[in-house]
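Only one structure is covered here, and it is reproduced in the block below.
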Amino acid sequence: MKTAPAPTTPVRVVLVDDHKMFRTGVRAELTEVAPGLLDIVGEAADVDTAIKVVRAELPDVVLLDVHLPGGNGRGGVDVLQGCVAVDSRRGVPVRFLALSVSDAAEDVLAVIRAGSRGYVTKSITGTDLAAAIKRVADGDAVFSPRLAGFVLDAFGVAAGEIAEVDEELDRLSQREREVMRLIARGYQYKEVARELFISVKTVETHVSSVLRKLQLSSRHELTAWAMGRKLI
Amino acid sequence: MRGLPERTLGGPPKWRRPARRAVPVGETCPVPIPYAVPPTAEVADPPRMVRPAHGRVLAGVCAGLAEHLGLPVAWVRGFVAVLILAGPGVVGYILLWTLTPQEADSAAATAGQRWSLRQAGPAAMWIGIAMVAVVGATSILPRSGRGLGLLTPILILAIIAVIGLASADVAQRDRWLGRRSGWPALARLAGGLIAVVVGTVVTLSGGTSAAEAWDIVLATVVVLLGFTLLLAPWVLRLLHDVGEARTARALADERADIAAHLHDSVLQTLALIQRQAGDATRVATLARVQERELRTYLYGGGSVDQTTLSGALAEVIDEVEVAHGIPIDVVVTGDCPLDEHVQAMVRALREALLNAANHGAAPIAAYVECGPDRIEAFVRDHGPGLNLDAIPEDRLGVRESIQGRMTRVGGNAKVRRLEPGTEWTLTLPRVAAAPTGGN
C-alpha cells in the first residue's frame with residue numbers, strides 16, 4: 004500500500020508559509036540536516052499561490068502553515084481542499100504536514116480533518132522536521148506530543164474510554180492508547196516500539212489508524228473540545 | 002471537566018465519511034475575497050448656508066440667506082422684514098436662526114455636529130423658504146374661517162419635512178449621533194412631537210364644537226402618521242449609525258489595548274534580546290518566555306485558573322522554564338480541581354522538572370493524565386541519565402521532595418533510565434469526593 008521511495012530519490016517538498024524569513028530558515032535547516040534527502044522544489048506565501056505551485060510541481064510533501072492569507076480565509080484548510088486528489092510524480096497522493104505556531108485546538112483539528120497527515124509545531128528541530136517529512140512522504144502520520152495529548156483528551160481516553168474493536172471510529176483501542184500516551188510523553192517512534200515490544204512499522208500503523216479516526220470520527224466531543232478549550 | 006459522552010454501548014458506531022469535495026484539476030477552488038468592501042461613494046458637499054460673522058443686523062440670517070441665494074442683501078432684508086412685521090414671520094426667522102450655523106462654526110461644525118440646515122441641501126432649503134412664505138401668508142388671511150384648517154397641516158408638514166430632510170442628511174453623512182446614545186435626541190424629538198400635536202389641537206379647537214374638535218384630532222393623527230413615515234428611515238439609520246459607532250469604538254479600544262500589550266511585552270523583550278544577542282541561552286529563554294506569555298494572551302483568553310491541576314501546572318512549568326532557560330513541552334489531558342493531594346503532586350512534579358532541568362538535557366517533556374481513578378505524570382529528559390546512588394547529595398533531596406511527597410499522599414514515584422535520559426513517573430490515586438482519609 005505504501006510506496007517507499009528509492010533511497011536515492013530525494014523527497015520533493017513544497018514550503019507554504021506566509022513568512023519569508025521562516026521559509027528561508029526551514030530551507031537552510033533542512034538542506035543542512037538532510038543534504039540530498041530533501042529537495043525543496045517550490046515555495047508559496049498564500050493560499051492561491053500554494054494551490055498553483057502544488058499543482059505545477061506535484062511534490063511528495065507539502066509543509067503547510069495553518070494560517071495563510073488568501074483563499075476563503077481558512078488558511079491551510081483551503082490549500083488542502085484546493086489540492087484534493089492531486090498526485091505526486093510518484094503517483095501517490097500529495098501528502099501534507101501542517102506546521103504552525105498556533106496550538107489552538109480548533110486549528111489542529113481543522114487541518115487534520117481536512118486531510119493533513121500530521122501536525123508539528125514550529126519549534127521542532129531541523130532533524131525532527133526532516134524525519135517527519137520523510138515519514139509523511141512514506142504515507143505515515145506524524146504526531147507531536149501535543150497532538151497525541153489532544154487525541155487522548157478528545158477521544159475520552161483519559162476518562163477511561165477504550166474501544167472494544169479496533170475499527171470503532173469513536174474510540175481508541177488499547178494499543179492505540181498506549182502508543183498515544185508514549186508519544187505524549189515525548190517518546191520517538193522507535194522508543195515507543197522498544198517500550199511496547201513491537202516494530203516501528205506497527206507503531207506507524209497504529210498512529211495512522213489514530214489519524215484515520217481523527218479524520219473520520221463524528222465524535223461530537225472532538226469539535227466541542229476543540230472549540231471549548233485552547234491548548235496552552 | 003468534560004462530561005462522559007452519552008452513547009449506547011454495542012450500537013453501531015456513529016460516523017460518516019466526510020464528503021470529499023472534488024475540485025477539478027486546473028481549477029482553483031472558488032475563492033471569494035472575504036473582506037472586499039465596496040468603496041463608499043463620496044457624497045459631494047451641498048452648498049451650505051451659514052450666518053456670516055460680520056455684516057449682520059440681527060443674527061445674520063438675512064445676510065446668510067442672501068449670500069446663499071445670490072440675491073442682494075437689501076431685497077432679502079426687505080422681504081423678511083415684511084414677513085416679520087406681518088407676525089408669524091418671526092417663527093420662520095427664529096427657525097432659520099437656530100438651524101443655520103455661524104460662519105466661524107462651520108469648520109468645527111463637522112465635528113461639532115449640531116442639528117442644522119447646513120447639509121440639508123437645496124431641497125430642504127427651499128421647503129424652509131416656502132414655509133416662511135406660508136407662515137407669512139396665513140397671517141395675512143383672516144384668523145377665522147376654514148382656510149386656516151387646511152393650511153395648518155400643510156404648514157406642519159412643511160416644518161416636519163425640513164427637519165426630517167435636514168437631520169436625515171446629517172445623520173447619513175456625519176453620523177451626528179455618534180455620541181454615547183441616540184436616546185436623548187429621540188426623547189427630545191418625541192417631546193417636540195407631542196408638543197406640536199397638543200399645541201395644534203388646542204389652538205385649532207378653541208371655541209369649536211366637539212365634532213369639529215374630533216376632526217382636528219383626526220387631522221393631527223394623520224399629520225402624526227406622516228411624521229412617522231417621514232422619520233422612520235431616519236430613525237432606523239440613526240440606530241444603525243449608533244450601533245456602528247459603538248462597534249468602531251470597541252474596535253479602536255481593542256486595537257489600542259493590543260498595541261499597549263505588544264509594547265509592554267514583545268517590544269521590551271525584543272529590546273532585551275538585542276542587548277544580549279551574544280548570550281544564546283539567555284536569548285532562547287527570553288524568546289521562550291515571551292512566546293508563552295504571548296500565547297496565553299492570544300489563545301488563553303485571560304488568566305490561568307489557579308484552582309485546577311492544569312492551571313497550577315502551567316505556573317510551575319513557567320517557573321522552571323524561566324529559572325533554567327530550558328524549554329519544557331507539556332501536555333495535559335483531563336483536569337481536576339486542586340486539592341491538598343493534587344497540590345502535593347504538583348510540588349513533586351516541580352521537583353522532578355527541576356531535577357530534569359539541572360541534570361538532564363533538552364528536550365524535556367512532561368505529560369500529565371488526569372483520569373477518573375488516578376492522576377499520572379511523566380517527566381522525561383534526554384540527559385545522561387540520573388543514577389540515584391551516584392549522586393549522594395541529591396539523593397536525600399530527590400527521595401524527600403519527590404518520592405516522600407508522593408508516598409505521603411498515597412501515591413508513588415518511580416524513576417527509570419532510558420536509552421537517552423531519565424523518566425520520572427508519578428502516580429496519585431484519586432480520592433473520592435467524600436474524604437475517606439485513607440492512604
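Which chain is which? The protein sequence lines are X and W, in order.
Residue numbering for the first sequence follows my numbering, beginning at 4 and increasing consecutively.
Residue numbering for the second sequence follows my numbering, beginning at 2 and increasing consecutively.
We put the beta carbon where it would ideally sit given N, CA and C, even for glycine.
Every value quoted in this text rests on a predicted model; they were computed, and no experiment measured them.
Contact with chain X by residue i, beta-carbon distance below 8 Å
i: W/GLY384; result: no
i: W/GLY335; result: yes
i: W/VAL332; result: yes
i: W/ARG381; result: yes
i: W/LEU350; result: no
Residue i at chain W interface by Cβ criterion, 8 Å
i: X/ALA135; result: no
i: X/PRO96; result: no
i: X/ASP156; result: yes
i: X/GLY129; result: no
Assigned exposure category for residue i - 16 Cβ within 10 Å defines buried
i: W/ARG115; result: Because the pLDDT of W/ARG115 is 41, which lies under 50, any placement of that residue in the model is unreliable, and the question is left without a value.
i: W/GLY61; result: buried
i: W/LEU72; result: exposed
i: X/MET24; result: exposed
i: W/LEU240; result: exposed
i: X/GLU179; result: buried
i: X/GLU35; result: exposed
i: X/LEU185; result: buried
i: W/TRP235; result: buried
i: X/GLY189; result: buried
i: X/THR27; result: exposed
i: W/ILE95; result: exposed
i: W/PRO102; result: buried
i: W/HIS342; result: buried
i: W/ILE259; result: exposed
i: W/VAL81; result: buried
i: W/PRO373; result: exposed
i: X/GLY159; result: buried
Partner residues on chain W for residue i, Cβ-Cβ distance less than 8 Å
i: X/GLY78; result: Within chain W, no residue comes near X/GLY78; the closest Cβ sits about 12 Å away, beyond 8 Å.
i: X/GLY152; result: VAL332, VAL333, THR334, TYR368
Neighbourhood of residue i by C-beta, 6 Å cutoff - its chain only, sequence neighbours within 5 removed
i: X/ILE201; result: none
i: X/ARG15; result: ASP42, VAL44, PRO62, ASP63
i: X/ASN75; result: ASP81
i: W/GLY384; result: HIS360, GLY361, ALA362, GLY422
i: X/SER220; result: LEU172, ASP173
i: W/THR286; result: GLY326
i: W/ASN413; result: MET407, THR428
Chain X contact residues for residue i, given Cβ-Cβ distances below 9 Å
i: W/ALA366; result: PRO148, ALA187, ARG188, GLY189, TYR190
7 Å CB neighbourhood of residue i in its chain, flanking five on each side removed
i: X/VAL206; result: VAL182, TYR192, VAL195, ALA196
i: X/VAL145; result: LEU100, ARG120, GLY121, VAL123, ALA135, ARG138, VAL139
i: W/SER311; result: VAL333, ASP336
Close beta carbons around residue i, own chain, < 8 Å, minus the five adjacent residues each side
i: W/VAL332; result: ALA366, ALA367, TYR368, VAL369
i: W/THR309; result: ASP336, CYS337, PRO338, LEU339
i: W/ALA67; result: PRO73, VAL74, TRP76, VAL77, ARG78
i: X/ARG58; result: CYS86, VAL89
- Pairing CB atoms from the stretch 117-126 of chain X with CB atoms from the stretch 30-45 of chain X, are three or more of them under 8 Å? no
- prompt: Taking three-plus beta-carbon pairs below 8 Å as touching, is the stretch 132-147 of chain X in contact with the stretch 308-316 of chain W?
  reply: Result no; under three Cβ-Cβ pairs closer than 8 Å.
### Message
Across the stretch 366-386 of chain W and the stretch 425-433 of chain W, are there enough close Cβ pairs to call them in contact, namely three or more that are closer than 8 Å?
### Response
yes
Would you call the stretch 139-147 of chain X in contact with the stretch 355-372 of chain W, where contact means no fewer than 3 C-beta pairs closer than 8 Å?
no
* Taking contact to mean at least 3 C-beta pairs separated by less than 8 Å, is the stretch 89-109 of chain X in contact with the stretch 53-72 of chain X? -> Flag = yes, the stretch 89-109 of chain X and the stretch 53-72 of chain X touch.
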